[in-house]
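A.B. asks: The numbers in the sequence shown follow this note's numbering, run straight up by one, and end at 206.
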Amino acid sequence: MRVIGIDPGLRNLGWGVIDVAGARLSHVANGICHSAGEDGDLAQRLLSLFDQLSAVLKIHGPDAAAVEHTFVNKDAVATLKLGQARGIALLVPARFGLVVGEYAPNAVKKTVVGVGHAAKVQVDHMVRLQFPGIVIAGPDAADALAVAICHAHHLQSAGRLQAALRAAG
Numbered sequence: 038m039r040v041i042g043i044d045p046g047l048r049n050l051g052w053g054v055i056d057v058a059g060a061r062l063s064h065v066a067n068g069i070c071h072s073a074g075e076d077g078d079l080a081q082r083l084l085s086l087f088d089q090l091s092a093v094l095k096i097h098g099p100d101a102a103a104v105e106h107t108f109v110n111k112d113a114v115a116t117l118k119l120g121q122a123r124g125i126a127l128l129v130p131a132r133f134g135l136v137v138g139e140y141a142p143n144a145v146k147k148t149v150v151g152v153g154h155a156a157k158v159q160v161d162h163m164v165r166l167q168f169p170g171i172v173i174a175g176p177d178a179a180d181a182l183a184v185a186i187c188h189a190h191h192l193q194s195a196g197r198l199q200a201a202l203r204a205a206g
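#1: Bridge partners of H188, per DSSP?
#2: Could you tell me which residues DSSP puts in a beta bridge with H71?
#3: Around the Cβ of P169, are there at least 16 other Cβ atoms within 10 angstroms (buried) or fewer (exposed)?
#4: Going by DSSP, name the residue or residues bridged to I41.
#5: Can you check the region 137-170 for any alpha helix (DSSP H) of at least 4 residues that lies completely inside it and give the ranges in chain order?
#6: Three or more beta-carbon pairs under 8 Å between the region 96-110 and the region 79-86, yes or no?
#7: On the three-state DSSP scale, how would you describe L62?
#8: Which residues mark the beginning and the end of the alpha helix (DSSP H) in which I125 is found?
#9: Put I96 into one of helix, strand or coil per three-state DSSP.
#10: Taking the alpha-carbon positions, what's the S72 to R165 distance?
#11: List the whole-angstrom C-beta distance separating V57 from V65, where the pair is believed to meet the contact cut-off of C-beta under 8 Å.
#12: On the three-state DSSP scale, how would you describe F108?
#13: Can you give the Cα-Cα distance for S194 and A102, rounded to whole angstroms?
#14: Where does L212 fall in DSSP's three states?
#15: Could you have a look at D78 and say whether DSSP puts it in helix, strand or coil?
#16: Please state whether DSSP places A195 in a helix, a strand or coil.
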């Protein structure tokens, strides 16, 4: 199974693709979609992210997708704009027929690092341990790979639960 993780952002939208074979995870690709239209044209920036992320899904053909929840900060306008970028992160995989998992940042960190309040550098370190020798496009791509890892673990757990329920029934 191929999983894409997405770390939504209006300027930088990180993505990471992994393959899952049983308990084995392998890196496929990662990158960052940078929004065009920096002159403040929100519609053009969102369209740019939409087109770039669509191209990533066309190239890598994931079977599953996951997006990190955004947190609300004190700047309501910035939070709303980030929410719109998150909408793109949810819409693109849905247009490709994928069910999209959503995870809180603390859940992603707990899955990947073992601590829900881990620092970004710890997440990056654990992703690099999971996939030795890979080149990560930047912090947003590392976060996206962490989201993909988190989703893979949750899918594996759900599969084991379904198998146990079938066996018990």
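Think of the CB as a built atom: it goes at the ideal place given N, C-alpha and C, for glycine as much as any other residue.
C.D. replies: For this structure:
#1: Looking up residue 188 in the sequence shown gives position 151. Beta-bridge pairing links H188 to no other residue.
#2: Here residue 71 refers to the residue found at position 34 when the sequence shown is read from its first residue. According to DSSP, which records beta bridges pairwise, H71 is partnered with N49.
#3: By one-based count along the sequence shown, residue 169 stands at place 132. Answer is exposed; the Cβ neighbour count stays below 16.
#4: Start at 1 with the first residue of the sequence shown, and residue 41 comes out as number 4. I41 is bridged to V54, A102.
#5: 142-149, 157-167
#6: no
#7: Here the question's residue 62 lines up with position 25 in the sequence shown. L62: strand per DSSP, three-state reduction.
#8: Indexing the sequence shown from 1 puts residue 125 at position 88. First-last of the alpha helix (DSSP H) with I125: 113-132.
#9: Position 59 of the sequence shown, counted from the start, is the residue given in the question as residue 96. I96: helix per DSSP, three-state reduction.
#10: Here residue 72 refers to the residue found at position 35 when the sequence shown is read from its first residue. Here residue 165 refers to the residue found at position 128 when the sequence shown is read from its first residue. Taking the straight line joining both Cα atoms gives about 26 Å.
#11: What you label residue 57 is simply residue 20 of the sequence shown in a count that begins at 1. What you label residue 65 is simply residue 28 of the sequence shown in a count that begins at 1. Not a contact, Cβ separation roughly 10 Å.
#12: Along the sequence shown, read from residue 1 onward, the residue named residue 108 stands at position 71. If DSSP states are grouped into helix, strand and coil, F108 belongs with coil.
#13: As a first step, residue 194 is located in the sequence shown; it is residue number 157 there, counting from the start. As a first step, residue 102 is located in the sequence shown; it is residue number 65 there, counting from the start. Using only the alpha carbons, I get a separation of about 16 Å.
#14: No statement about residue 212 is possible, as the shown extent of the chain runs from 38 to 206 and does not include it.
#15: In the sequence shown, the residue the question calls residue 78 occupies position 41. D78 falls in the coil class under three-state DSSP.
#16: Taking the first residue of the sequence shown as position 1, residue 195 is located at position 158. Reduced to three states, the DSSP call for A195 is helix.
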